[in-house]
Amino acid sequence: MLSFIARRLGLLIPTFFGITLLTFALIRLIPGDPVEVMMGERRVDPEMHAQAMERLGLNKPLPAQYLDYVGKLAQGDLGESLRTRESVWHEFLTLFPATLELAFAALLFAGIVGLLAGVIAALKRGSLFDHGVMGISLAGYSMPIFWWGLILIMFFSVSLGWTPVSGRIDLLYDIEPKTGFMLIDTLLSDEEGAFKDALMHLILPAIVLGTIPLAVIARMTRSSMLEVLREDYIRTARAKGLSPARVVFVHGLRNALIPVLTVFGLQVGTLLAGAVLTETIFSWPGIGKWLIEAIGARDYPVVQNGILLIACLVILVNFVVDILYGLANPRIRHQR
Amino acid sequence: MQRAFMKSRPLRLALAALLLGGATQLAAKPLVVCTEASPEGFDIVQYTTAVTADASAETVFNRLVDFKPGTTEIQPALAERWDISADGLTYTFHLRQGVKFHTTDYFKPTRDFNADDVLWSLNRQLDPNHPWHDKTSVGYPYFESMGFKELLKSVSKADAHTVVITLTRPEAPFLRDMAMGFTSIYSAEYGDQLLKAGKTAELNSKPIGTGPFIFQRYNKDAQVRFKPNPDYFRGKPPADALVFAIATDSNVRLQKLRANECQVALYPKPDDVPSIKQDPKLKVEEIEALVTGYISMNTEHKYLSDVRVRKAINMAFDRQTHVDQLFGKGNALVGVNPYPPTMIGYNNENRNPPRDLAKARQLLNEAGVPPGTVLTLFTRNGGGPTNPNPRLSAEMLQADLKQIGLKLDIRVMEWAEMLRRAKKGEADLVSAGWAGDNGDPDNFLSPLLSCDAVKSGENYARWCNPKFQELISRAREVIDNDERARLYNEALKVYDDEQPWISMAHPKMFTTMRDNVEGYVISPLTNNNFATTKVK
Chain A
7 MLSFIARRLG LLIPTFFGIT LLTFALIRLI PGDPVEVMMG ERRVDPEMHA
57 QAMERLGLNK PLPAQYLDYV GKLAQGDLGE SLRTRESVWH EFLTLFPATL
107 ELAFAALLFA GIVGLLAGVI AALKRGSLFD HGVMGISLAG YSMPIFWWGL
157 ILIMFFSVSL GWTPVSGRID LLYDIEPKTG FMLIDTLLSD EEGAFKDALM
207 HLILPAIVLG TIPLAVIARM TRSSMLEVLR EDYIRTARAK GLSPARVVFV
257 HGLRNALIPV LTVFGLQVGT LLAGAVLTET IFSWPGIGKW LIEAIGARDY
307 PVVQNGILLI ACLVILVNFV VDILYGLANP RIRHQR
Chain B
63 MQRAFMKSRP LRLALAALLL GGATQLAAKP LVVCTEASPE GFDIVQYTTA
113 VTADASAETV FNRLVDFKPG TTEIQPALAE RWDISADGLT YTFHLRQGVK
163 FHTTDYFKPT RDFNADDVLW SLNRQLDPNH PWHDKTSVGY PYFESMGFKE
213 LLKSVSKADA HTVVITLTRP EAPFLRDMAM GFTSIYSAEY GDQLLKAGKT
263 AELNSKPIGT GPFIFQRYNK DAQVRFKPNP DYFRGKPPAD ALVFAIATDS
313 NVRLQKLRAN ECQVALYPKP DDVPSIKQDP KLKVEEIEAL VTGYISMNTE
363 HKYLSDVRVR KAINMAFDRQ THVDQLFGKG NALVGVNPYP PTMIGYNNEN
413 RNPPRDLAKA RQLLNEAGVP PGTVLTLFTR NGGGPTNPNP RLSAEMLQAD
463 LKQIGLKLDI RVMEWAEMLR RAKKGEADLV SAGWAGDNGD PDNFLSPLLS
513 CDAVKSGENY ARWCNPKFQE LISRAREVID NDERARLYNE ALKVYDDEQP
563 WISMAHPKMF TTMRDNVEGY VISPLTNNNF ATTKVK
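Next up, the structure:
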């Protein structure tokens, strides 16, 4: 097991450097520079432009800029945003809890509903429920997030008035961000009603962001369950007289979960990608919006390091999933 | 506590009822303004966007002079009055006394506003030796793009309440320039305190000014909170608190307004305005803004260098349909001149040529333009106030030009990339727009149509006409308003003869709000000030 972990860890180092090179190069491939973008239609004085580029260290040759960047990274310095002058690390820490809270809620929603729907569809194969779940999940998978979000807002928030339109909490509450997780901060604050309000604000974005993972998880659970339910050991378990629930959830679902677990890991990337749109629709102050704006402004340090941090997170989650997978399935960890 | 709360329905209902009352007691009802983007920071001199100006220059800061609400006329602000020397080179500002800087948990002023603060604020941007001069990432974009580095000779104090600004040349729009955000007045005492503590970056995150609202907190990309300044020299603002809620999408801003999650929603889509006007709970303020949407024609390029070709294009362009489709009927004026009719010197005699395809084809023929000639048009991918749907706009022009035998190759690109390439003169036609900063015609003509702007690239038409240049240069230096109006009027006649642009539209600006909002005055300059706004 240890050598399995070591092999996986060893793969992380080139991946990490690959990402630094890729993000560094990609943002610079986009034409324009931060000074030009900041000036927009206005006159850019060449002298001022040159001074600003020098001040930002962007007048050096690209290899030198890359070495500077990697050198600073090695010292744990993620640099400052060119626009706001705030440290990138500080901005990330300020915004990431919002994305994490949303992604966690979406995954929880997708996991619970997706697993249940997948299992029931497998058990009732060919039934109306099965066709219904598969049809809805296909529709869910193909749904344009922006459209889906606006439809839910129009229906639940504007027509029915059940949920708030957007944001993380009603602005009537002045919640000081202590942890950055609104649900926790509202519990820590003495403003009563704030927790419920924060929870209500979370419902629609979590549904919108969780729709695609839900569809994937439901379909994956169904097909995996169908395969497992045909196995000999299930027949044996039934022959032994075990209760149907025990057969399905202990013997069946446990084994069917192995591929689903991998999908969970992969969905973290999907969730973070989907967060960009969901955060825009619901005015959710997370890292998705932050990165999109940074790309528009050519805020190199934010783009480079923001993507790097997210990539590290996705790598980490998939690393943990790999380990769990290895633990669950000994054949995997012995493969070379 | 959370579990118990979730489990018991009666308890939950009871608590909800209780909380509603409790919450109202906890926070006074704020005026919530839904805006489209996050402020980049609060040190306004570092930035150029309107959103950032709203959250800093219009709330936290004042300037020596400012614009009368809803107009572009100058009124006294931190300067009570001013004298201008006969040669137009020396401006003496007599400062208002007893003005307090904000008291917050991060700064307690020990003195009132005085001349040192004015010197600090302007010399910081002007003087390379000022200890604060290099404490920004990219310098002072507005100060430099407005040419203040060359215009200001010196800023000095005659006494504690008198400041003298000397210019290198007479500059008629100078007072109007001094009402713009980049001349906001900072506390020198606060600056010194931050410099001593090595916390210069905090000037951008914890602003101190003399303005109507005191900065409280910025939750990044979510909200900015302010409280009213009880010592504001024009009187305490009536709102209990001011909150900017950041909602990027205009549909979402409208839904939030309908749900009363915000009481004012800025930058609505013109398409939505008719339906908002029909909603009895909402109202719309509108104004003819100082904005122009235009299409420049590169006068250095083959064929377009011939005025007959430019006239033919203007003749083929179906303006009224174009403007109605893009902005909605009644939401924009059809453009004739480069700036809107509310500004001085507007030439009322200029007329767009009547749409005449046969005459246009004849002009092209005379100019030797073969049928099927391809022209490139650069346009941006996202809409804005000067053109809500650039792609549709381009396609409509394409259809118009097809009727006179010209093919339009539309290149849709990201805004920054479009500007970069347009400044290099790569395109035949560029779909662009301009929002005036200070209500002065020079603010349109010099940056967009002068010979200097050909060199720096912003004159996408690359049109440098000596007569036009001479007229606008003279108008810039003349202080007398009537004479300036005459000079601009004449310059616009030259513009009309030469037609370097298709002047497309002067869109109206709209602000939407709940019907119980009072005291908001919409500005033609696209900035938003809530010092007199309240929720009934």
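Protein sequences appear in the order of chains A and B. Residue numbers for the first sequence follow our numbering, beginning at 7 and rising by one. Residue numbers for the second sequence follow our numbering, beginning at 63 and rising by one. Where a beta carbon is used, it is the ideal one built from N, C-alpha and C, also for glycine.
If you ignore the 5 residues before and after Gln325 (chain B), its C-beta comes within less than 7 Å of the C-beta of Leu93, Val94, Met575, Arg576, Val579, Val597, all in its own chain and listed in chain order.
A Cβ-Cβ separation of about 6 Å places Val122 (chain B) in contact with Phe275 (chain B) under the 8 Å criterion. Per DSSP, the beta bridge partners of His156 (chain B) are B:Arg143, B:Thr224. Listed by position along chain A, the residues whose Cβ is nearer than 7 Å to that of Asp283 (chain B) are Leu101, Pro291, Lys295, Trp296.
A direct Cα-to-Cα measurement between Leu106 (chain A) and Gly294 (chain A) gives close to 11 Å. Where Phe530 (chain B) is concerned, the enclosing alpha helix (DSSP H) starts and stops at 528–539. Cβ neighbours of Met480 (chain B) within its own chain (closer than 6 Å, five residues either side excluded): Phe440, Arg442. Secondary structure of Asp471 (chain B) (DSSP, three-state): strand. Gln465 (chain B) and Thr134 (chain B) have their C-alpha atoms some 42 Å from each other. Linking Pro509 (chain B) to Ala515 (chain B) through their CA atoms gives a straight-line distance of about 6 Å. Leaving aside the five residues that flank Gln387 (chain B) on each side, the residues in its chain whose CB is nearer than 8 Å to its CB run, in chain order, Leu454, Met458. Each residue's CA atom was taken as its position, placing Leu18 (chain A) and Leu315 (chain A) some 14 Å apart.
For Lys486 (chain B), the closest of A:Val326, A:Met226, A:Phe23, A:Gly38 by C-alpha to C-alpha distance is A:Gly38. Rounded to the nearest whole angstrom, the CA to CA distance from Arg228 (chain A) to Ala123 (chain A) is 8 Å. Not flagged as an interface residue toward chain A: Glu411 (chain B), since no C-beta distance is shorter than 8 Å.
Listed along chain B, the residues sitting closer than 9 Å to Val50 (chain A) by beta-carbon distance are Pro203, Glu206, Ser207, Lys485, Ser518, Gly519, Glu520. Annotation for Ile218 (chain A): the continuous alpha helix (DSSP H) segment containing it runs 200–235.
Interface criterion met: the Cβ of Ala478 (chain B) is under 8 Å from a Cβ in chain A. Annotated as proximal: Asp302 (chain B) and Lys91 (chain B), with beta-carbon spacing under 8 Å.
In this structure, Glu142 (chain B) lies near Arg158 (chain B), with their beta-carbon atoms less than 8 Å apart. In the structure shown, Lys331 (chain B) falls within a coil segment according to DSSP collapsed to helix, strand and coil. Scanning chain A for C-beta atoms nearer than 8 Å to the C-beta of Ile308 (chain B) yields Ser289, Pro291, reported in chain order. If you check the CB distance, Pro452 (chain B) and Pro332 (chain B) do not come in under 8 Å.
Judged by DSSP in its simplified three-state form, Ala301 (chain B) adopts coil rather than helix or strand.
For Phe295 (chain B), same chain residues with a beta-carbon under 6 Å away, outside a window of 5 residues either side, are Val161 in chain order. For Leu156 (chain A), the closest Cβ of chain B is nearer than 8 Å.
Taking a Cβ-Cβ cut-off of 8 Å, the neighbours of Ala321 (chain B) in chain A comprise Ser163, Val164, Gly167, Pro170, Val171, given in sequence order. Ala241 (chain B) sits in coil when the DSSP states are folded into three classes, being neither helix nor strand.
Exposure of Asn410 (chain B) is indicated by the presence of fewer than 16 other C-beta atoms within 10 angstroms of its C-beta.
Restricting attention to B:Asn590, B:Ile375, B:Phe379, the CA atom closest to the CA of Val396 (chain B) is found in B:Phe379. Within the DSSP bridge table, the entry for Asn281 (chain B) names B:Gln285 as partners. Look at Asp128 (chain B) here: in three-state DSSP terms it is strand. Across the set B:Lys529, B:Asp490, B:Asn589, the C-alpha of B:Asn589 shows the shortest separation from the C-alpha of Ala497 (chain B). Excluding sequence positions up to five before and after Arg524 (chain B), its CB lies within less than 7 Å of the CB of Asn360, Thr361, Glu362, Gly487, Val516, all in the same chain and listed in chain order.
Listed along the chain, the chain B residues whose CB falls inside 7 Å of the CB of Gly46 (chain A) are Thr110, Leu481. Between the alpha carbons of Leu184 (chain B) and Phe152 (chain A) lies a gap of roughly 45 Å.
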